[in-house]
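Step one of this worksheet: look at the structure below.
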Amino acid sequence: MEFRISGCVQSVMLLLCLSMVAAAASQSIADRFYPWTDNVKYPSSSRMQLTLDQRYAAGAVSKKSWTYGEWSVCMKLPAGNSAGTVTTFYMMSPQGDAHCEYDMEFLGNSTGQPYLLHTNVFVGGQGGREEQTYLGFDPTADFHCYKIRWSKDLVAFFVDDVVVRIFRNLEDKVAGFQYCKFKALGMHVSIWDGSSWATQGGRVPINWNSAPFVATYENFQMSGCEVNSIDKNAPVGCQSHPSATGIPVTRDQVLQMQARKASMMKYDYCTDKARYKVTPPECPFNNVYM
1134 MEFRISGCVQ SVMLLLCLSM VAAAASQSIA DRFYPWTDNV KYPSSSRMQL TLDQRYAAGA
1194 VSKKSWTYGE WSVCMKLPAG NSAGTVTTFY MMSPQGDAHC EYDMEFLGNS TGQPYLLHTN
1254 VFVGGQGGRE EQTYLGFDPT ADFHCYKIRW SKDLVAFFVD DVVVRIFRNL EDKVAGFQYC
1314 KFKALGMHVS IWDGSSWATQ GGRVPINWNS APFVATYENF QMSGCEVNSI DKNAPVGCQS
1374 HPSATGIPVT RDQVLQMQAR KASMMKYDYC TDKARYKVTP PECPFNNVYM
């Protein structure tokens, strides 16, 4: 027996889907995040403000979790003497049980000195994959947008839609290689005191006379295979989700990333011979098109 969906039913289904998308888009940011402290404010339904003072740091985590997807936010970082501050956007699974984490951390600096973008990748609870690059613009003067894309093949980091870093799944090329595929990650934002390491290796600590330090976030975009972070089996169902395949990184994007790193890279764990006597196995693949 042949079954066909009538044009009327198709129209109703389309309208229902559109209404669900519109409802998600119109949902207040305050309804989509759990704040960590009272220093999290919502100037509007689409904007979040985090304040670091001498008493409290500030942060929030999304109420939803995902396995694979794409997440982005536009940020305006603290201006003036922001040395010692760390402002972040990152994806992370619950701590413990060999957690996974993808970090974009913005390291403040003395007045007139440039911010650094500090990225890191944790798999199986192990990080140590830091890269630091200059942004090439003043992130305190206006909003700029940052994105993390995670699929079965790679994790890509973006600044204003430009790929700035890639971490690939090399399970089929490197024996024993670990890649995050079965974790539920939430979206986190925060600002905190990183005086011990953030600015010039900790030589320039935070100056509380410059406080409060305010970071503003807007235009949150979160999509992917939504899962229950408590259910450890939930990510299995995401392996066939469209987000698992994701949008590939193009050759032109890789070339653009290579050029950017050549002129703006400050630190790359792959070239730190004092730290790693044996080069980490992913390093030969981090900056090439595949």
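The sequence shown maps to residues 1134 to 1423 in the numbering used here.
All C-beta atoms, glycine included, are put in the ideal place defined by N, C-alpha and C.
DSSP places Cys1233 in the coil class of the three-state scheme, outside both helix and strand. Secondary-structure assignment with DSSP links Val1288 through a beta bridge to Trp1283, Phe1300. Residue range 1191-1209 is occupied by the beta strand (DSSP E) that includes Ala1193.
Where Val1360 is concerned, there is no enclosing alpha helix (DSSP H), although the beta strand (DSSP E) around it starts and stops at 1346-1360.
Ser1178 sits close to Ser1161, with the two beta carbons spaced by under 8 Å.
In the displayed model, Thr1221 falls within a strand according to three-state DSSP.
Excluding residues up to 5 positions away in sequence, Glu1238, Ser1323 lie with their Cβ nearer than 6 Å to the Cβ of Thr1221 in the same chain. For Asn1214, the number of other beta carbons within 10 angstroms of its own is at least 16, and it is reported as buried.
Burial state of Glu1234 is buried, judged by a 10 Å Cβ sphere holding 16 or more other Cβ atoms. Leaving aside the five residues that flank Ala1212 on each side, the residues in its chain whose CB is nearer than 7 Å to its CB run, in chain order, Thr1273. Straight-line measurement puts the Cα of Cys1207 at about 6 Å from the Cα of Asn1352. Between the segment 1324-1336 and the segment 1180-1192 there are three or more C-beta pairs closer than 8 Å, enough to call the two in contact.
For the 8 Å CB-CB criterion, His1277 and Val1297 do not form a contact. In this structure, the straight-line span from the alpha carbon of Ser1205 to that of Ser1376 is close to 15 Å.
The C-beta of Leu1388 has fewer than 16 other C-beta atoms within 10 Å across all chains shown, which makes the residue exposed. Judged by DSSP secondary structure, Val1387 falls within the alpha helix (DSSP H) whose first and last residues are 1384-1397.
Counting only residues of its own chain and dropping the five nearest sequence neighbours on each side, Pro1338 has a CB closer than 6 Å to the CB of Gly1217, Ser1328. In this structure, the straight-line span from the alpha carbon of Ile1299 to that of Ser1284 is close to 11 Å. Taking C-alpha positions only, Tyr1402 is separated from Phe1418 by approximately 14 Å. A straight line joining the alpha-carbon of Gly1241 with that of Gln1265 spans about 13 Å. The continuous alpha helix (DSSP H) containing Pro1375 extends over residues 1375-1378.
Residue state for Pro1227 is assigned as coil, using DSSP reduced to three classes. In this structure, the alpha-carbon of Arg1301 lies about 15 Å from that of Met1390.
Note on geometry: alpha-carbon atoms of Met1398 and Tyr1267 lie some 7 Å from one another.
When DSSP states are grouped into helix, strand and coil, Cys1278 belongs to the strand group. Judged by DSSP in its simplified three-state form, Gly1269 adopts coil rather than helix or strand.
In terms of Cβ geometry, Ala1348 and Leu1210 form a close pair [threshold 8 Å].
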